[in-house]
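These notes are about the structure you will find just below.
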């Protein structure tokens, strides 16, 4: 079970000049300073300074509405404007709210997001990305994001719109990288976003010693996240699964022709692969040793990649990002 480090809320103009309180145990709040949308351009949130004063007994953080799509130039304008205006402490969270307006170009969207995260970190704050799980997988290169910011996701996922003071973990949006979960928009009667800090990230900026600038994820296996499953990638998979580390995936069916050059070490064979059998055991599918569409689709479902049964570059990148954190899939 995921442990809750702290409860808190996020606040915008809808919560009024003094903000809206949830429960006495709440210890943090994330306040909207303003943002950017195509219809209004850059705008300020008039409640940001007044909520800072009214809620000063909490650990306060900041978020920015970030409807820049895949436009890095707009991202620069937004950060140039807001970073000097942040009033929460150095080290505190500055989140970008990326839930609307993404472009059709995943690489451009990812570039704009990572640019913003890097600028926030360089300014001495803790960057976070607020979004939803379906949205990020539809519009962002998740593996590339997590390879640089492995615990800086703030995800929204609600089971319903009943008043909920505690998260229902049956609806936890399981994936790598979640530092905070917005588990309801009806934390109290009348509506309020309720959040749980799962890593202690909301304490950043409020300890006696400043937290270091976030760094890329430790590369435990040193695997390049390039979408090409070469010998190093396959050996790392074999090592984690306890299979002989020869760097080859054998026992392929004719579907192996579809993998080249993504799986550069695919080998045809009459028998199934022991490595694939172990992977199938973990996935809970038939252990025939063949890396065919049904096994690949099951693996993709666990990796939160669209389960098309074809091990393309996006699937391999997610595998590689996970290998660098010491596992193949999230249990």
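In UniProt numbering, the protein residues as written are 1 to 331.
Built from N, CA and C at the ideal position, the CB exists for glycine as well.
I'd like to check one pair, residue j with residue i: are the Cβ atoms closer than 8 Å?
{"i": "residue 22", "j": "residue 163", "result": "no"}
{"i": "residue 141", "j": "residue 107", "result": "yes"}
{"i": "residue 249", "j": "residue 275", "result": "yes"}
{"i": "residue 116", "j": "residue 150", "result": "no"}
{"i": "residue 152", "j": "residue 173", "result": "no"}
{"i": "residue 15", "j": "residue 33", "result": "no"}
{"i": "residue 193", "j": "residue 10", "result": "yes"}
{"i": "residue 112", "j": "residue 71", "result": "yes"}
{"i": "residue 196", "j": "residue 319", "result": "no"}
{"i": "residue 337", "j": "residue 86", "result": "Past the boundaries of the shown model lies residue 337; the chain is included only from 1 to 331, so the question cannot be answered."}
{"i": "residue 99", "j": "residue 135", "result": "yes"}
{"i": "residue 156", "j": "residue 132", "result": "yes"}
{"i": "residue 225", "j": "residue 143", "result": "yes"}
{"i": "residue 51", "j": "residue 8", "result": "no"}
{"i": "residue 47", "j": "residue 13", "result": "yes"}
{"i": "residue 328", "j": "residue 223", "result": "no"}
From residue i to residue j, what distance separates their C-alpha atoms?
{"i": "residue 167", "j": "residue 246", "result": "45 Å"}
{"i": "residue 206", "j": "residue 89", "result": "8 Å"}
{"i": "residue 322", "j": "residue 294", "result": "21 Å"}
{"i": "residue 84", "j": "residue 317", "result": "36 Å"}
{"i": "residue 231", "j": "residue 280", "result": "20 Å"}
{"i": "residue 170", "j": "residue 314", "result": "27 Å"}
{"i": "residue 74", "j": "residue 35", "result": "11 Å"}
{"i": "residue 17", "j": "residue 29", "result": "14 Å"}
{"i": "residue 216", "j": "residue 243", "result": "Confidence at residue 216 is low in this model, with a pLDDT of 44, below 50, so its placement is unreliable and no value can be given for it."}
{"i": "residue 68", "j": "residue 76", "result": "10 Å"}
{"i": "residue 289", "j": "residue 120", "result": "46 Å"}
{"i": "residue 49", "j": "residue 292", "result": "57 Å"}
{"i": "residue 228", "j": "residue 154", "result": "29 Å"}
{"i": "residue 237", "j": "residue 55", "result": "49 Å"}
{"i": "residue 105", "j": "residue 202", "result": "32 Å"}
{"i": "residue 109", "j": "residue 122", "result": "20 Å"}
{"i": "residue 148", "j": "residue 325", "result": "12 Å"}
{"i": "residue 270", "j": "residue 284", "result": "Caution is warranted here: a pLDDT of 45 is assigned to residue 270, below 50, making its placement in the model unreliable, and no coordinate value can be reported."}
Along the chain, where does the alpha helix (DSSP H) containing residue i start, and where does it finish?
{"i": "residue 118", "result": "106 to 122"}
{"i": "residue 295", "result": "293 to 303"}
{"i": "residue 237", "result": "231 to 241"}
{"i": "residue 49", "result": "47 to 54"}
{"i": "residue 134", "result": "133 to 139"}
{"i": "residue 321", "result": "313 to 323"}
{"i": "residue 275", "result": "274 to 283"}
Quick one: what does DSSP say residue i is sitting in, helix, strand or coil?
{"i": "residue 37", "result": "strand"}
{"i": "residue 95", "result": "strand"}
{"i": "residue 85", "result": "helix"}
{"i": "residue 152", "result": "coil"}
{"i": "residue 182", "result": "strand"}
{"i": "residue 30", "result": "strand"}
{"i": "residue 66", "result": "strand"}
{"i": "residue 79", "result": "helix"}
{"i": "residue 25", "result": "coil"}
{"i": "residue 43", "result": "strand"}
{"i": "residue 58", "result": "coil"}
{"i": "residue 189", "result": "coil"}
{"i": "residue 171", "result": "helix"}
{"i": "residue 249", "result": "strand"}
Grab the span of the beta strand (DSSP E) containing residue i for me, first residue to last.
{"i": "residue 9", "result": "6 to 11"}
{"i": "residue 196", "result": "193 to 197"}
Q: State whether the segment 168 to 184 contacts the segment 33 to 40, with contact taken as three or more CB pairs (one from each stretch) at a distance under 8 Å.
A: no
Q.
Under 8 Å, with one C-beta from each stretch per pair, do the segment 44 to 63 and the segment 93 to 100 reach the 3-pair mark?
A. yes
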